[in-house]
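Written below as structure tokens is the structure these notes are about.
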Amino acid sequence: MANRLKFWMSQYIVRRYCSQIPQFRMKYLNVAEKNDAAKTIASFLSNGTATRREGCSVYNKIYEFETVVDGKNCKMVMTSVSGHLLQLEFITSYRRWNEVDPQALFSAPVRKACPENNTKIMRTLEREVRSCNGLIIWTDCDREGENIGFEIIDICCKIKPYIKVYRAIFSEITGVSIKRALQQLTQPNKKLSDAVDVRTELDLRTGAAITRFQTMRLQRLFPKKMANKLISYGSCQIPTLGFVAERYKEVEAFVSERFWKIKVLHTIGDLTVDFAWSRNRSFDKAACEDYLLLCLADPKAKVENVTIKSKHKWRPTPLDTVEMEKLGSRKLKISAKETMTIAEKLYSRGIISYPRTETNQFSKDIDLRSIAERFIEHPEWGHFVRRINEWGANPRNGNKTDQAHPPIHPTKLVTDLHGNEARVYELVCRHFLACISKDAIGSETSVHINVAGEKFTATGLCIHQRNYLDIYIYENWNAKQIHKYEQGQSFDPTDILMQEGATTAPPLLTEADLIALMEKHGIGTDATHAEHINTIKERGYIGVVEKGCLVPGIIGMGLYEGYDAMNLALAKPLLRSAFEADLKDICTGKKDPKIVLGEQILKYLEAYKQMTEKITALDNKMALRIDENPTANIDHLVTDKTGHTSAIGKVVNEIFQCPKCLVAPLALRQKKNQDGFYIGCMNFPDCKNVIWLPEDFLEPSVLSETCQHCGPIVKLIKLKFKSLYYKTLFKTPSGWYKTCLLCDRQFCENFNINLEQVKPSGRIIDDASVYTSITASIFPVVTSTTGGIGFEIEAQNGPTSTNFNKNRGKSRTKLKPENKCSSKKTVTTRNVPHFLTPALQSVRESVDVSPKSIENNTLENADAVLADFLNSNDEFDEIMGAVDLPNESVKNTINIKTQKLAILSASTTVKSFTQGNEDTTAVIFDESFPDITEFVWGTAEHRRRSGTNHNYQNMDGAVGIFQQDVNNESPRDVSATKNIECYECHQPAKELKVCKEGPNKGRPFYICPNRNASCNFFKWKNEDSSHDV
């Protein structure tokens, strides 16, 4: 008994304890496409109990409530975006119209960025997702909605990479549909989003390139009338313009032709029956008169045949987007753009179903009767709904479906709408009730008579049941009365006469006609037809005249005729139609989006090249339309060395891909003050990789010729040397020199350029697995953002780059002083300050280094090397003591040939002395420490100056290497023994002191007193005279 009592007590304690443990509850962030949709969805899911609070954006509220998801009670946070959250754009440098060749936009790097007006929405998502465990996307269930959903996912996953993501599928915002979607969550469809990304990128590239080209050209050719005009191009807009222009030209070129026909009239009482001639009409007046004379000679009419047959007027098919746009234009006289805007508002409020659908057939799963019964209380439609209930809802289905959304239909009865909203809502309701009712039924009577051998026919119509016509006020079916005739009957016609008429031109297109043509030729989608038409209206390419007819504008007609004269595929619907078909294949998974995008860009690029070759045809046609002669001065049209004519001024010439950001190319550019050139990354300011070209370079330019060694993606640079020294060094008496920055070693060594040293940003590159024998060919390189100095070490079996920069954790190679007596030594240094690099003064022999020997190098060996260096009696003890030693791993080992070297580097060249018979050794400081580019007395500046004015020895291709002859243990003060003169101007040098914070603050130095001259003399005061060579 006691044991049983203990058992029950333990069970009670366990249950009591477990009941006090807080249970984990899922919390979901729900995101809709618009605030109205978010509000309505939250109301349905919470049964009206949701609480509202403010988000970062005043237009996008946050709704909180609890509901059941997958059988569990969960917390829900509902918010919204306002359409697309991100925008595809070119990087900054490619947005400058006057500096970028439009053709470069076909391959220019693009990125998705959040516009400024959406940053508050993005902050709301980032803030709310932090406390949520799941993400549910409630955007519209089409391509655009799926793409917006993936933009939301990208933003949220940056905050919570492993958050669970779900997709709610719904076609109408009703309580039943929304709750069903929540219990049947799926995964987002990446294929639909990819299709939108492909379309967006192609439209951006083609639109931007062609728009810039023709806008800048036409503005300069016709400054009076087009100076401030934007002449845009769109792959859907221009073919749409083409439909309007073609019809207008047909009407303009139409020549009316006269014709004649015979008519027989039979009047009894007040009713006159008109019998039409079976020959219809004749364009030969004499022949028609002959037929008339025959009939008048024997005017007796005999009834040959009387037929009566049933006649049906078909009720409309269910409403899809295209049909709604056409009905809005024809029946309501509302533009397609406004019709769609109103429909989207009604959808967001849960009044109608999703308005962007290609489906015109109801599935059997939809309860049409229950939808119709919602309108049984309507004062005008209620009686018709009762008739539908008697007949049974029986829709006349069409043959189109997108397998995503049902046809557009009302979801609830609303009576408080006004204006065009009420008219559009009424159209949707009446159309729905009409399509599920019955056809109108009547009978048609046809009477055929013979007069002197000529046949005539008359028809009459009797309507028996109007059915759907009672609710569908947008169509008419009128009865037509005729007399009662019997077969074999004869009668005397009241009159037989000849009528004259003339052919008329085809009517101008209306907006409804234009939408029908766009759908027929596959231009755009049902969701974008209205947008394209509205865009060319706003551009002034087309206009609306009386009765809603569309006519092309002056500029629109000039563009159409110019494109037609150039025979461009850009203006034809076939190119875009094929692309739309490819997008559908992407959605179904039949085609890869990257392949489709690449193929389409090539097609449009070829069309663009054709346009640039035949552009004068557009100039001529535009001149005729706007009545302005092209300007005679076309100096603004720049023809580069490739023969390509550009309508822009300063053209940025791309050279090769930036090795740092790997996003955009490096390009040759001119400084703002026009006094020099530099090579900078087109991804500035995100990437600040730059090479400042010396003032000795004159007229640099990028050639179309590519480097045979580096490949077709690397272009050559042509420049002219100003200095006689470089003309002699590079053996070019004229001064002109052509080079490749990646493989011309001699050129790069002389001007401190080595892009191989630049490491891709954001990556860690481990060179530990690379072991090569290295020679002592060392030269500095301009690195990326900080402009620091690095070194490249050329291997015997191939080039191997080692970068000395301030980024920690990267491989570095250090040079250690060798003892005169040592024959072989392998050194791998560690824990060396990141701006300190010992340099070799003399090495007698070179030794091969194997990977095994490298692995055997320990931290103690490296520290011993550093200790030998730090124990030397130099004047930089204070600097050495201030160094913060990082734990850096130097994995490259240098195998150095016997040479006598000393490298002038970093802030100064200093002297290190050893005891006894040891050789004198020079010490250098790594120039990649911060702010090196700001020191006017740094090595980069000193070498730039000394490269022109110092005669130093070039040993085995090593540039910038000076020999030191030091025999004393302490530095000598040169100024104490002799006067210092400028070696070019031969004037007494001016003594100054370093004022900038750094290791040399307060140190005296000499410069040329005439700083405006070309002399670049510089010398430290306590520097040995052997430097002045």
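Residue 656 in my numbering sits at position 604 of the sequence shown; the count goes up by one each step and never skips.
Glycine is no exception: its CB is placed at the ideal position from the N, C-alpha and C atoms.
For a quick check, are the C-beta atoms of Asn705 and Ala719 less than 7 Å apart?
As a working note, residue 705 is residue 653 in the sequence shown. As a working note, residue 719 is residue 667 in the sequence shown. In contact: Asn705 and Ala719 (Cβ atoms closer than 7 Å).
Just checking, does the region 441-456 make contact with the region 403-417 on the three C-beta pairs under 8 Å criterion?
When C-beta atoms of the region 441-456 are compared with those of the region 403-417, three or more pairs fall below 8 Å, so the two segments count as touching.
In chain order, what residues of the same chain lie with their CB nearer than 7 Å to the CB of Glu141, ignoring the 5 residues before and after it?
Within the sequence shown, residue 141 is the residue found at index 89, counting from 1. These residues qualify, in order along the chain: Val162, Arg163 and Ala165.
Could you check the C-alpha separation between Pro764 and Gln709 for me, to the nearest Å?
In the sequence shown, counting from the first residue as 1, residue 764 sits at position 712. In the sequence shown, counting from the first residue as 1, residue 709 sits at position 657. One Cα belongs to Pro764, the other to Gln709, and the distance between them is close to 12 Å.
DSSP bridge partner residues for Thr509 (one or two, in chain order)
What you label residue 509 is simply residue 457 of the sequence shown in a count that begins at 1. Answer is Ala328 and His500.
Within the same chain, show all residues whose beta-carbon is closer than 7 Å to that of Phe799, passing over the 5 residues directly before and after it, in chain order.
Stepping through the sequence shown from its first residue, residue 799 is reached at position 747. The residues Thr791, in chain order, have a CB closer than 7 Å to that of Phe799 in the same chain once the five nearest residues on each side in sequence are set aside.
Minimum length 3: unbroken beta strand (DSSP E) runs contained in the region 625-673:
Positions of the beta strand (DSSP E) runs, each at least 3 residues long and wholly inside the region 625-673, cannot be given because no such run exists.
Could you pull the start and end residues of the alpha helix (DSSP H) that His364 belongs to?
Locating residue 364 in the sequence shown gives position 312, where the first residue counts as 1. Run containing His364: none in the alpha helix (DSSP H); it sits in the beta strand (DSSP E), Ala353 to Lys365.
Taking Cβ to Cβ, would you say Gly494 is nearer than 7 Å to His461?
Within the sequence shown, residue 494 is the residue found at index 442, counting from 1. Within the sequence shown, residue 461 is the residue found at index 409, counting from 1. No. Outside cutoff.
Which residues share a DSSP beta bridge with Lys385?
Taking the sequence shown and counting its residues from 1, the one referred to as residue 385 is at position 333. According to DSSP, which records beta bridges pairwise, Lys385 is partnered with nothing at all.
Supposed close pair Ile230, Phe96 - CB separation, criterion 8 Å:
To locate residue 230, count along the sequence shown from 1; it is residue 178. To locate residue 96, count along the sequence shown from 1; it is residue 44. Indeed they touch by this definition, with Cβ atoms about 5 Å apart.
What are the complete alpha helix (DSSP H) segments, minimum 4 residues, inside the region 211-257?
Within the region 211-257, the complete alpha helix (DSSP H) runs of at least 4 residues are 227-235.
Counting C-beta neighbours from all protein chains within 10 Å, is the total for Lys389 16 or more, i.e. buried, or is it exposed?
To locate residue 389, count along the sequence shown from 1; it is residue 337. With 16 or more neighbouring CB atoms inside 10 Å of its own CB, Lys389 falls in the buried class.
Leaving aside the five residues before and after Asn735 along the sequence, list all residues of the same chain whose C-beta is less than 6 Å from its C-beta, in chain order.
Looking up residue 735 in the sequence shown gives position 683. So the list reads Ile143, Cys713, Val715 and Ala716, once near-sequence residues are dropped.
If you reduce the DSSP assignment to three classes, tell me which class Ile320 lands in.
For the purposes of this step, residue 320 is taken as the residue at position 268 of the sequence shown. Strand, per DSSP.
Once DSSP output is grouped into helix, strand and coil, what is the label at Pro737?
Sequence index remark: in the sequence shown, residue 737 carries index 685 (1-based). Pro737: coil per DSSP, three-state reduction.
Spatial neighbours of Val596 within its chain, please: C-beta separation below 7 Å, excluding the five flanking residues on both sides.
For the purposes of this step, residue 596 is taken as the residue at position 544 of the sequence shown. Closer than 7 Å at the Cβ level, and outside the excluded window around Val596, lie Leu602.
Starting from Tyr789 and walking both ways along the beta strand (DSSP E), at which residues does that stretch end?
One-based indexing of the sequence shown puts residue 789 at position 737. Trp788 to Thr791 is the extent of the beta strand (DSSP E) around Tyr789.
Residue range of the beta strand (DSSP E) that includes Leu1044:
Stepping through the sequence shown from its first residue, residue 1044 is reached at position 992. For Leu1044, the enclosing beta strand (DSSP E) begins and ends at Lys1042 to Lys1045.
Do the CB positions of Leu270 and Ile262 come within less than 7 Å of each other?
Here residue 270 corresponds to residue number 218 of the sequence shown, with the count starting at 1. Here residue 262 corresponds to residue number 210 of the sequence shown, with the count starting at 1. No; because the gap between Cβ atoms is not below 7 Å, this pair is not in contact.
Which ranges does the alpha helix (DSSP H) cover as unbroken runs of at least 4 residues, wholly within the region 377-450, from first to last along the chain?
Taking only runs of at least 4 residues, the alpha helix (DSSP H) segments lying wholly in the region 377-450 are 388-400, 420-425 and 434-443.
Once DSSP output is grouped into helix, strand and coil, what is the label at Tyr1004?
As a working note, residue 1004 is residue 952 in the sequence shown. In this predicted model, Tyr1004 has a pLDDT of only 34, less than 50, meaning its place in the structure is not dependable; the value taken from the coordinates is given anyway. Assignment of Tyr1004 by DSSP, reduced to helix, strand and coil, places it in the coil class.
Determine contact between the region 615-622 and the region 654-672, defined as no fewer than three beta-carbon pairs at a distance below 8 Å.
The region 615-622 is in contact with the region 654-672.
Distance, Cα to Cα, Ser308 vs Ile314?
Working through the sequence shown from its first residue, we reach residue 308 at position 256. Working through the sequence shown from its first residue, we reach residue 314 at position 262. It is roughly 20 Å from the alpha-carbon of Ser308 to the alpha-carbon of Ile314.
Leaving aside the five residues before and after Val648 along the sequence, list all residues of the same chain whose C-beta is less than 7 Å from its C-beta, in chain order.
Residue mapping note: residue 648 aligns to position 596 of the sequence shown, counting from 1. The residues Val250, Asp634 and Ile638, in chain order, have a CB closer than 7 Å to that of Val648 in the same chain once the five nearest residues on each side in sequence are set aside.
How long is the line joining the alpha carbons of Pro1061 and Asn1074, rounded to whole angstroms?
On the sequence shown, residue 1061 is found 1009 positions in, with the first residue counted as 1. On the sequence shown, residue 1074 is found 1022 positions in, with the first residue counted as 1. A straight-line Cα-Cα distance of about 19 Å links Pro1061 and Asn1074.
Quick one: using the 10 Å Cβ neighbour count with 16 as the cut-off for buried, is Ala9 buried or exposed?
Residue 9 lies beyond the range of the chain shown here (53 to 1081); nothing can be said about it.
Distance, Cα to Cα, Lys352 vs Thr546?
What you label residue 352 is simply residue 300 of the sequence shown in a count that begins at 1. What you label residue 546 is simply residue 494 of the sequence shown in a count that begins at 1. Those two C-alpha atoms are separated by around 10 Å.
Tell me the rounded alpha-carbon separation between Tyr285 and Arg591.
By 1-based counting over the sequence shown, the position of residue 285 is 233. By 1-based counting over the sequence shown, the position of residue 591 is 539. The alpha-carbon separation between Tyr285 and Arg591 amounts to approximately 10 Å.
Can you tell me whether DSSP reads Asp491 as helix, strand or coil?
Sequence index remark: in the sequence shown, residue 491 carries index 439 (1-based). Asp491 falls in the coil class under three-state DSSP.
Taking the straight line between their C-alpha atoms, what separation do you get for Glu9 and Asn802?
The first residue shown for the chain is 53 and the last is 1081, placing residue 9 beyond what the model contains.
Does the Cβ of Pro1040 have 16 or more other Cβ atoms within 10 Å, making it buried, or fewer, making it exposed?
As a working note, residue 1040 is residue 988 in the sequence shown. With fewer than 16 Cβ atoms within 10 Å of its Cβ, Pro1040 is classed as exposed.
Is it buried or exposed, Glu106, if we count other Cβ atoms within 10 angstroms and call 16 or more buried?
Looking up residue 106 in the sequence shown gives position 54. With fewer than 16 other Cβ atoms within 10 Å, it is exposed.
Would you kindly check if the distance between the Cβ of Leu750 and the Cβ of Leu768 is under 7 Å?
Stepping through the sequence shown from its first residue, residue 768 is reached at position 716. Stepping through the sequence shown from its first residue, residue 750 is reached at position 698. Between Leu768 and Leu750, the C-beta spacing is not below 7 Å.
List the whole-angstrom C-beta distance separating Ala424 from Ile488, where the pair is believed to meet the contact cut-off of C-beta under 8 Å.
In the sequence shown, counting from the first residue as 1, residue 424 sits at position 372. In the sequence shown, counting from the first residue as 1, residue 488 sits at position 436. Contact annotation, Ala424 with Ile488: C-beta distance approximately 7 Å; criterion of less than 8 Å satisfied.
Among Lys724, Asn741 and Asn725, which one has its Cα closest to the Cα of Gly732?
For the purposes of this step, residue 732 is taken as the residue at position 680 of the sequence shown. Residue Asn741 is the option with its Cα nearest to Gly732.
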